[in-house]
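Participant: Final position of the sequence shown in the numbering used here is 353; the numbers increase by one with none missing.
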Amino acid sequence: MKIDRRTLRSGEDFAAAGLAEAAVVDQVAERYTVAMTPLLAKLVDPADPRDPIALQFVPDLREMETAAIERSDPIGDHAFSPVKGIVHRYPDRLLLTPLLHCPVYCRFCFRRERVGGPEKALDEAELSAALDYIRAHEEVWEVVITGGDPLMLSPLRLAAMMQALDAIPHVRIVRLHSRIPVADPDRVTEEMIAALQVERATVWLAVHCNHERELSPPAIAALRALSRAGIPLLGQTVLLRGVNDKAETLEALFRALVANRVKPYYLHQLDLAAGTDHFRVPVEEGRALMRELRGRVSGVCQPTYILDIPGGHGKVPIGPAYLEDGIVMDWQGGAHDYAPDAQR
Ligand SMILES: *Cc1c(COP(=O)(O)O)cnc(C)c1O
Ligand code: SF4
Numbered sequence: 010m011k012i013d014r015r016t017l018r019s020g021e022d023f024a025a026a027g028l029a030e031a032a033v034v035d036q037v038a039e040r041y042t043v044a045m046t047p048l049l050a051k052l053v054d055p056a057d058p059r060d061p062i063a064l065q066f067v068p069d070l071r072e073m074e075t076a077a078i079e080r081s082d083p084i085g086d087h088a089f090s091p092v093k094g095i096v097h098r099y100p101d102r103l104l105l106t107p108l109l110h111c112p113v114y115c116r117f118c119f120r121r122e123r124v125g126g127p128e129k130a131l132d133e134a135e136l137s138a139a140l141d142y143i144r145a146h147e148e149v150w151e152v153v154i155t156g157g158d159p160l161m162l163s164p165l166r167l168a169a170m171m172q173a174l175d176a177i178p179h180v181r182i183v184r185l186h187s188r189i190p191v192a193d194p195d196r197v198t199e200e201m202i203a204a205l206q207v208e209r210a211t212v213w214l215a216v217h218c219n220h221e222r223e224l225s226p227p228a229i230a231a232l233r234a235l236s237r238a239g240i241p242l243l244g245q246t247v248l249l250r251g252v253n254d255k256a257e258t259l260e261a262l263f264r265a266l267v268a269n270r271v272k273p274y275y276l277h278q279l280d281l282a283a284g285t286d287h288f289r290v291p292v293e294e295g296r297a298l299m300r301e302l303r304g305r306v307s308g309v310c311q312p313t314y315i316l317d318i319p320g321g322h323g324k325v326p327i328g329p330a331y332l333e334d335g336i337v338m339d340w341q342g343g344a345h346d347y348a349p350d351a352q353r
């Protein structure tokens, strides 16, 4: 699969690819950043007006409507940012955001009002201040590098940052969150993988993937190279109306991830970012999907259904619950008494 066209960024690009009307894209692009890699554009089925890949990346006028519940800082990062590029909400782990650009711009992005051009990346002094913050906080066991997409850094800059983190004794885990293996797998080069391999800390990579069809042959090859390099892989998926809101779609995705050595980690309830209401699936429906998955696929294929509580209160699993008031439900919906605690 060789694709050598450039990333779609303008209305003209999207129109030339037959994916959208130029005027629509340009209107949305005035407010939110737009980009789709040629690989993902190629994966769209032009005969399907509801194609799950197109829905995720092709701008839509519904983004221009902000629902009453939506907010500009949906998960309350701002209040927990002690220095630029750090979000420190939990004692033992923090986010490091060295840059705010991505290979593609997901139309439902939770940081959509902040992500954008390369000029928003931390400069040398800012990165060094962020690293100083981590050095000074010995309770930080895990550094989660996100963005933007940290694999947009050049292998040289990425290696320097990884080495700096590896030199901090209390940092035992460095976890990167990325859409690159799916959106632009050609960036996963030997140099990139070498940059991720450090001496002491353990490096994990969480791959953002929402539909089985995102796992193209080059994406699978990139995942394989990462896993061969000894990097454990996690999957993170956002529950999205029209993209993956069917049990069979989630089943196919989680099976494909596990078959490619990616452990489904979180199924995210969509954050309340502006202009994303058309993607929102109610929590009750999400729970019903999770219940259905319990019977369909093995435990290895099950992610945790998670909500990032608006206002900066952190992430919590939101069900479904199987045991309540002495009654436990089995995977087929049968109810059984289970109250040994009451007899103690
Ligand atoms: C999501 C997040 C983390 C990581 O949370 P996990 O549940 O460990 O994946 C850490 N810090 C912040 C601020 C976060 O938003
Ligand atoms: S890759 Fe992540 S940060 Fe970038 S646009 Fe998509 S959801 Fe947002």
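In this text, a Cβ means the ideal position worked out from N, Cα and C, and glycines have one as well.
Note that the structure is a prediction, hence the values are computed from the model and not measured.
If you check the beta carbons only, do Asp158 and Val207 fall under 7 Å apart?
Facilitator: Not closer than 7 Å, so no.
Participant: Measure how close the beta-carbons of Val325 and His277 come, nearest whole angstrom, since I'm counting them as under 8 Å.
Facilitator: The pair is not a contact, with the Cβ atoms about 12 Å apart (cut-off 8 Å).
Participant: Tell me the residue span of the alpha helix (DSSP H) that contains Ile189.
Facilitator: Unbroken alpha helix (DSSP H) run through Ile189: 189–192.
Participant: Hey, how far is the Cα of Pro100 from the Cα of Glu148?
Facilitator: So the two alpha carbons sit approximately 6 Å from each other.
Participant: Comparing the CB of Val5 with every heavy atom of ligand 2, is any distance shorter than 6 Å?
Facilitator: Within the shown structure, residues of the chain are numbered from 10 to 353, placing residue 5 beyond reach of any answer.
Participant: Going along the chain, which residues of its own chain have a beta-carbon closer than 7 Å to the beta-carbon of Ile12, five neighbours each way excluded?
Facilitator: Because Ile12 carries a pLDDT of 47, less than 50, the predicted location of this residue cannot be relied on, and the following value inherits that uncertainty. For Ile12, where only same-chain residues beyond five positions count, the Cβ hits under 7 Å are Pro47, Leu48, Lys51.
Participant: Residue range of the beta strand (DSSP E) that Val271 falls in?
Facilitator: That run of the beta strand (DSSP E) goes 271–277.
Participant: Near Gly85, which residues of its chain fall below 6 Å by C-beta distance, leaving aside the five closest residues on each side in sequence?
Facilitator: Counting only Cβ-Cβ distances below 6 Å, and skipping sequence neighbours, we find Gly320, Gly321.
Participant: I'd like to know if the region 187–200 and the region 89–99 are in contact, where contact means that at least 3 CB-CB pairs between them fall below 8 Å.
Facilitator: With a cut-off of 8 Å, the region 89–99 and the region 187–200 do not count as touching, because too few Cβ pairs lie within range.
Participant: Classify Ala351: buried if its beta carbon has 16 or more other beta carbons within 10 angstroms, exposed otherwise.
Facilitator: When all chains shown are included, Ala351 counts as exposed.
Participant: Please determine if the region 263–274 and the region 61–72 are in contact, where contact requires at least 3 C-beta pairs separated by less than 8 Å.
Facilitator: The region 263–274, when compared against the region 61–72, does not touch it at the 8 Å Cβ threshold.
Participant: So what does Trp213 bridge to, in DSSP terms?
Facilitator: Looking at the DSSP assignment, Trp213 forms a beta bridge with Arg184.
Participant: Excluding five sequence neighbours on each side, which residues of the same chain lie with their C-beta closer than 6 Å to the C-beta of Leu286?
Facilitator: Note on identity: in this sequence residue 286 is Asp, with Leu being the wrong assignment. For Asp286, where only same-chain residues beyond five positions count, the Cβ hits under 6 Å are Ala76.
Participant: Does the Cβ-Cβ distance between Glu79 and Ala283 come in under 7 Å?
Facilitator: Cβ distance < 7 Å, so Glu79 and Ala283 count as in contact.
Participant: Going by beta carbon distance, what residues of the same chain come within less than 7 Å of Ser236, once the five residues before and after it are set aside?
Facilitator: Correct list, in chain order: Leu242, Arg270.
Participant: For the alpha helix (DSSP H) containing Asp175, list its first residue and its last residue.
Facilitator: Here the alpha helix (DSSP H) through Asp175 covers 164–175.
Participant: What's the C-alpha gap between Leu302 and Glu260?
Facilitator: Taking the straight line from one Cα to the other gives about 7 Å.
Participant: With a CB to CB cut of under 7 Å and the five nearest residues on each side skipped, what residues in its chain are close to Ser81?
Facilitator: Only Glu122, Ala283 meet the Cβ criterion.
Participant: Buried or exposed: Glu128, going by 16 or more other Cβ atoms within 10 Å of its Cβ?
Facilitator: It counts as exposed.
Participant: Run the proximity test for Arg305: is its beta-carbon closer than 6 Å to any non-hydrogen atom belonging to ligand 1?
Facilitator: No - ligand 1 has no heavy atom lying nearer than 6 Å to the Cβ of Arg305.
Participant: Spell out a yes or no on whether the region 22–34 and the region 209–219 are touching, meaning 3 or more CB-CB pairs, one atom from each, closer than 8 Å.
Facilitator: Flag = no, the region 22–34 and the region 209–219 do not touch.
Participant: Could you give the residue range of the beta strand (DSSP E) that holds Gly244?
Facilitator: From DSSP, the beta strand (DSSP E) with Gly244 extends over 242–247.
Participant: Suppose you measure from the CA of Ala134 to the CA of Pro226; what does that come to, to the nearest Å?
Facilitator: Ala134 and Pro226: Cα-Cα distance of roughly 40 Å.
Participant: The alpha helix (DSSP H) spanning Glu141 covers which residue range?
Facilitator: Reading off the sequence shown, one finds Asp at residue 141, where the question assumed Glu. First-last of the alpha helix (DSSP H) with Asp141: 133–145.
Participant: Does at least one heavy atom of ligand 2 sit under 6 Å from the Cβ of Arg116?
Facilitator: For ligand 2, not one heavy atom lies less than 6 Å from the Cβ of Arg116.
Participant: State yes or no: is the C-beta of Arg144 within less than 7 Å of the C-beta of Ile177?
Facilitator: Closer than 7 Å, so yes.
Participant: How many Å lie between Arg14 and Asp54 at the Cα?
Facilitator: Going from the Cα of Arg14 to the Cα of Asp54 covers about 18 Å.
Participant: List the endpoints of the continuous beta strand (DSSP E) containing Lys51.
Facilitator: Run containing Lys51: none in the beta strand (DSSP E); it sits in the alpha helix (DSSP H), 47–52.
Participant: What does a CB cutoff of less than 7 Å around Ala210 pick up in its chain, not counting 5 residues either side in sequence?
Facilitator: Hits under 7 Å: Leu174, Asp175, Val180, Arg181, Ile182, Val183.
Participant: Residues in the same chain with beta-carbon distance under 8 Å from Ala31, minus the five sequence neighbours each way, listed in chain order, please.
Facilitator: Ser19, Gly20, Glu21, Phe23, Ala24, listed in sequence order.
Participant: For Thr258, which of helix, strand or coil comes out of DSSP?
Facilitator: Here Thr258 sits in helix by DSSP.
Participant: What would DSSP say about Val153, mapped onto helix, strand or coil?
Facilitator: Residue state, collapsed to three classes: strand.
Participant: Apart from the five residues on each side of it in sequence, which residues of its chain come closer than 8 Å, Cβ to Cβ, to Ala204?
Facilitator: These residues qualify, in order along the chain: Pro164, Leu165, Leu167, Ala168, Met171.
Participant: Ligand 1 and Leu281: does any heavy atom of the ligand fall closer than 6 Å to the residue's C-beta?
Facilitator: Not under cutoff, so the answer is no.
Participant: Name the residue from Thr155, Ala238, Val212, Pro312 whose alpha carbon lies nearest to the alpha carbon of Thr198.
Facilitator: Among Thr155, Ala238, Val212, Pro312, the Cα nearest to that of Thr198 belongs to Ala238.
Participant: If you count every other CB in all the chains shown that lies within 10 Å of the CB of Ile336, and 16 or more means buried, which is it?
Facilitator: Under this definition Ile336 is an exposed residue.
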